Amino acid sequence: MLYREAGQFKTNYVADSAIFPLREDRIGLALIILAAYALAFFGSNFLLQAVLIPFLVFSLAAIGLNILTGYTGLLSLGTGAFMGVGAYACYKLMTAFPGVNVIVWIFVSGFFSAAIGALFGLPSLRIKGFYLAVATLAAQFFLQWCFIRIPWLVNYNVSGALDAPLRTLFGIPIMGPNATPQTRYLLVLTIVILLTWLASNLVHGRIGRMWIAIRDMDLAAELMGIRPLQTKLLAFAVSSYYCGVAGALLVFLWYGGAEYDVFNINQSFFILFMVIIGGLGSLIGSFFGAALIFILPIVLGIVLPAMLSPFGLSVGADVIEHLRFMIVGALIIFFLIVEPHGLARLWQIGKQKLLVWPFPY
Amino acid sequence: MDMLYKVFIEPFVFMGEAPDLLIQTLWEGLVSGVLYALIALGFVLIFKASGVFNFAQGIMVVFAALILVGLYEKGVPAFLALILAALAMLVLAMVVERVVLRPLVNQPDIILFMATFGLTYFLIGFGELIFGGNPREMITEQLFLPQGTTEIGAFGGSIRLQHLDIAAAIIASIMIGLLAVFFSKTRIGRALRAVADSHKAALSVGISLNQIWVIVWFAAGIVALVAGIMWGARSGVSFSLQIIALKALPVLILGGFTSIPGAIIGGLIVGVGEKLGEFYWGPLVGGGVETWLAYVIALLFLLYRPQGLFGEKIIERI
Chain E
5 MLYREAGQFK TNYVADSAIF PLREDRIGLA LIILAAYALA FFGSNFLLQA
55 VLIPFLVFSL AAIGLNILTG YTGLLSLGTG AFMGVGAYAC YKLMTAFPGV
105 NVIVWIFVSG FFSAAIGALF GLPSLRIKGF YLAVATLAAQ FFLQWCFIRI
155 PWLVNYNVSG ALDAPLRTLF GIPIMGPNAT PQTRYLLVLT IVILLTWLAS
205 NLVHGRIGRM WIAIRDMDLA AELMGIRPLQ TKLLAFAVSS YYCGVAGALL
255 VFLWYGGAEY DVFNINQSFF ILFMVIIGGL GSLIGSFFGA ALIFILPIVL
305 GIVLPAMLSP FGLSVGADVI EHLRFMIVGA LIIFFLIVEP HGLARLWQIG
355 KQKLLVWPFP Y
Chain G
3 MDMLYKVFIE PFVFMGEAPD LLIQTLWEGL VSGVLYALIA LGFVLIFKAS
53 GVFNFAQGIM VVFAALILVG LYEKGVPAFL ALILAALAML VLAMVVERVV
103 LRPLVNQPDI ILFMATFGLT YFLIGFGELI FGGNPREMIT EQLFLPQGTT
153 EIGAFGGSIR LQHLDIAAAI IASIMIGLLA VFFSKTRIGR ALRAVADSHK
203 AALSVGISLN QIWVIVWFAA GIVALVAGIM WGARSGVSFS LQIIALKALP
253 VLILGGFTSI PGAIIGGLIV GVGEKLGEFY WGPLVGGGVE TWLAYVIALL
303 FLLYRPQGLF GEKIIERI
């Protein structure tokens, strides 16, 4: 009897339209957020640096793509490039105006990405489905080419790479070689929570309903008075904003420096996997997808050798890498067959079961 | 003004001054265009018969070539290896039908698309596990593919034709011709077209969908094998060949997803367009435009004609 709807009455419209109408849900969410912050102080550096920071960054990118693909129904294969735009914009802004706090620039860099995203979203009114996916590939390859060929983007750096300069907040280094994983994790966590909350409000409000209407049946939506081009462009812009911020976080708060190659086509596919496995049209699914696709290979890399060693089999790092590819590929197919609506649907089923437990229905 | 001159006048002056270079570039574009078309053909076959956008076509090209070369290196005679590679594609077709397509029937397109992504990853891991990830040479001599070059003196210069390219163009053309005959004249071909038109109607007249899927995936596998041999002979067999396979996507866009002639013409346009662009306009922006020019051409073309050259016009009704 952990989880009961009975007895929780709503006496006004605000309470009735709340995103988490149940008290248990709100408490659970608060506990998860508290635990996430607590991890910064109890987690080891490896856990923070190699698992949690990238997990949060990829979750943010997955939320961005989910807004476009899951909520608006526009398939995109150019996510990696839009992340790159954010990273390069952030670098240019940071180095051009070192006096302004870097956190401002992280948020502002998303707007550059949003503008580029909306530009490449322009054909979306006429092109649909897989045709649009290939059109976004044009963005992917064109932008990646720009990252290589325009040395101005990296301030004519001879190595052609982005590197995180030292930046501080209240005198504590948050970026650059001296920043500890703890401070970077806390910063990433705060940004991700903030943007997730914003996305949650967006998709549950008027704009989100417009997106969903376009996804479900664009002609009917148009007849109801939703203007398709503006709505689709807005989806492209918001989605690219999230991807851009994720890209800036990826380079400056996770890697600490990167080359153009980070934003290649595989990155785009990787994030698309997360969205599909996690669940199209679900914010929490973005987190689940990122966890499965990113953390699973790490776990496999640790578990597989341990499982095989009792049989006297020692496997090389390359074999594990190949097995990882095979297992991830097989898992994708497995999940699609067993639960095409993604992990978010499993979560929903689990909550539903808890709500009626101990009765079957 | 200077920039405008460089973009709009100078390349054409250059083309007029050195026609041999122009013809050389056109020839190279045509050859790679035919090979793009061959890869795109694999996509079209599967999309036509089952509505699945098969992302794994690119890796199938690599995988087929890898089996061929890998078996040869293990001591299997070249032609036996060729037959075994074809058989492996048949097995792959059956496994895909049984494991992926059958349980996912009636799911939305994007789910099937993602399933082929999973297949791609699986095949990459599987291929590397068995044959290793190192790039290797295609066995051109053992398969009696011609080598060497011919120089033809003409147009105030000389044009170099690689024998392999000529062979590739001929083989690809034969392949495309055979597929066209197969589709229009044989019983199975007619069944395939029926399935493409409507799954339900085809089922109701007694056409087995499962069988048809195995056949199209096998046909796509054979196309992938031929494309793998040809590309492998030009640039070696390695997993980076996948990127070339992605080039088939703008080809598809230009031609329309469901049209075989579209794939061929789209392939030629993309091949010639990107070679001309790279050679004459590339230097203006520092080169490397080959990586994205095809996509941008496709994108601009789509704005004018969203269903591609020969694609079925999408009519929307409420």
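Sequences listed follow chains E and G, in order.
Quick note: to get the working numbering, add 4 to the position in the first sequence (first position is 1).
Quick note: to get the working numbering, add 2 to the position in the second sequence (first position is 1).
Just so you know, even glycine gets a beta-carbon here, dropped at the ideal spot from N, CA and C.
Predicted model only: the values in this text are computed from it and were never measured.
If you run the structure through DSSP and keep just helix, strand and coil, what is residue i?
i: GLU9 (chain E); result: coil
i: ILE131 (chain E); result: coil
i: VAL239 (chain G); result: strand
i: GLN164 (chain G); result: strand
i: LEU81 (chain E); result: coil
i: THR27 (chain G); result: helix
i: GLU153 (chain G); result: strand
i: GLY261 (chain E); result: strand
i: ARG349 (chain E); result: helix
i: ARG138 (chain G); result: strand
i: LEU147 (chain G); result: coil
i: LEU198 (chain E); result: helix
i: LEU37 (chain G); result: helix
i: LEU180 (chain G); result: helix
i: LEU106 (chain G); result: coil
i: LEU211 (chain G); result: helix
i: LEU166 (chain E); result: strand
i: SER186 (chain G); result: helix
i: GLY230 (chain G); result: helix
Between which two residues does the beta strand (DSSP E) containing residue i stretch?
i: MET179 (chain E); result: 176-179
i: THR15 (chain E); result: Unbroken run through THR15 (chain E): none, as it is neither H nor E.
i: ALA173 (chain E); result: It should be noted that the sequence gives Leu, not Ala, for residue 173 (chain E). Looking at the DSSP string, the run of the beta strand (DSSP E) that includes LEU173 (chain E) is 171-173.
Buried or exposed: residue i, going by 16 or more other Cβ atoms within 10 Å of its Cβ?
i: MET91 (chain G); result: buried
i: THR151 (chain G); result: exposed
i: TYR75 (chain E); result: buried
i: ARG104 (chain G); result: exposed
i: SER52 (chain G); result: buried
i: GLY11 (chain E); result: exposed
i: ILE271 (chain G); result: buried
i: LYS236 (chain E); result: buried
i: THR188 (chain G); result: exposed
i: PRO137 (chain G); result: exposed
i: PHE220 (chain G); result: buried
i: ALA22 (chain E); result: exposed
i: SER261 (chain G); result: buried
Please report the residue range of the alpha helix (DSSP H) in which residue i lies.
i: LEU301 (chain G); result: 292-306
i: LEU82 (chain G); result: 80-97
i: ARG213 (chain E); result: 210-220
i: HIS345 (chain E); result: Where HIS345 (chain E) is concerned, there is no enclosing alpha helix (DSSP H), given that its DSSP letter is neither H nor E.
i: ASN367 (chain E); result: Residue 367 (chain E) is absent from the model: chain E starts at 5 and stops at 365.
i: GLU130 (chain G); result: 111-133
i: SER290 (chain E); result: 287-294
i: LEU304 (chain E); result: 300-312
i: TRP109 (chain E); result: 106-125
i: PHE101 (chain E); result: Segment: none, PHE101 (chain E) is in no alpha helix (DSSP H) and carries neither H nor E.
i: PRO362 (chain E); result: From DSSP, PRO362 (chain E) is part of no alpha helix (DSSP H); its letter is neither H nor E.
i: SER243 (chain E); result: 232-253
i: PRO63 (chain G); result: Pro is not the amino acid found at residue 63 (chain G); the sequence shown has Val there. First-last of the alpha helix (DSSP H) with VAL63 (chain G): 59-75.
What does residue i touch in chain B if you count any residue whose Cβ is under 8 Å from its own?
i: TYR123 (chain G); result: As a matter of chain content, chain B is missing from the structure shown, whose protein chains are E and G.
Assuming residue i contacts residue j (C-beta within less than 8 Å), just tell me the rounded distance between them.
i: LEU40 (chain G); j: VAL228 (chain G); result: 6 Å
i: VAL192 (chain E); j: LEU253 (chain E); result: 6 Å
i: ILE178 (chain G); j: ILE266 (chain G); result: 6 Å
i: TRP104 (chain E); j: LEU166 (chain E); result: In the sequence on display, residue 104 (chain E) carries Val and not Trp. VAL104 (chain E) to LEU166 (chain E), Cβ: 18 Å. No contact.
What are the residues of the region 50-65 of chain G that lie near chain E, defined by any Cβ-Cβ distance shorter than 7 Å? PHE55
The region 82-99 of chain E: positions lying closer than 9 Å to chain G by Cβ: none
Using a Cβ-Cβ cut-off of less than 9 Å, give me the residues of the region 322-337 of chain E that come near chain G, in sequence order. ASP322, VAL323, GLU325, HIS326, LEU327, ARG328, PHE329, MET330, ILE331, VAL332, GLY333, ALA334, LEU335, ILE336, ILE337
Beta carbons nearer than 9 Å to chain G: which residues of the region 273-285 of chain E have them? PHE273, LEU276, PHE277, ILE280, ILE281, LEU284
Residues in the region 191-219 of chain E having any Cβ partner in chain G nearer than 9 Å: none
Chain-ordered residues of the region 248-279 of chain G with a beta carbon less than 9 Å from chain E: LEU248, LEU251, PRO252, LEU254, ILE255, PHE259
Residues of the region 156-171 of chain E with Cβ closer than 9 Å to any Cβ of chain G, in chain order: none
Beta carbons nearer than 9 Å to chain E: which residues of the region 104-117 of chain G have them? PRO105, LEU106, GLN109, PRO110, ASP111, ILE112, ILE113, LEU114, PHE115, MET116, ALA117
Residues of the region 125-138 of chain G with Cβ closer than 7 Å to any Cβ of chain E, in chain order: ILE126, GLY127, PHE128, GLU130, LEU131
Using a Cβ-Cβ cut-off of less than 8 Å, list which residues of the region 67-94 of chain G approach chain E; keep chain order. none
In the region 102-136 of chain E, which residues sit with their C-beta less than 8 Å from some C-beta in chain G, listed in chain order? PRO127, ARG130, ILE131, LYS132, GLY133, PHE134, TYR135
Would you list, in chain order, the members of the region 295-306 of chain G that have their beta-carbon closer than 7 Å to a beta-carbon of chain E? TYR297, VAL298, ALA300, LEU301, LEU304, LEU305
Contact list for the region 65-80 of chain E against chain G, Cβ threshold 7 Å: LEU79
What are the residues in the region 138-150 of chain E lying within 7 Å of chain G by C-beta distance? VAL138, ALA139, LEU141, ALA142, PHE145, PHE146, TRP149
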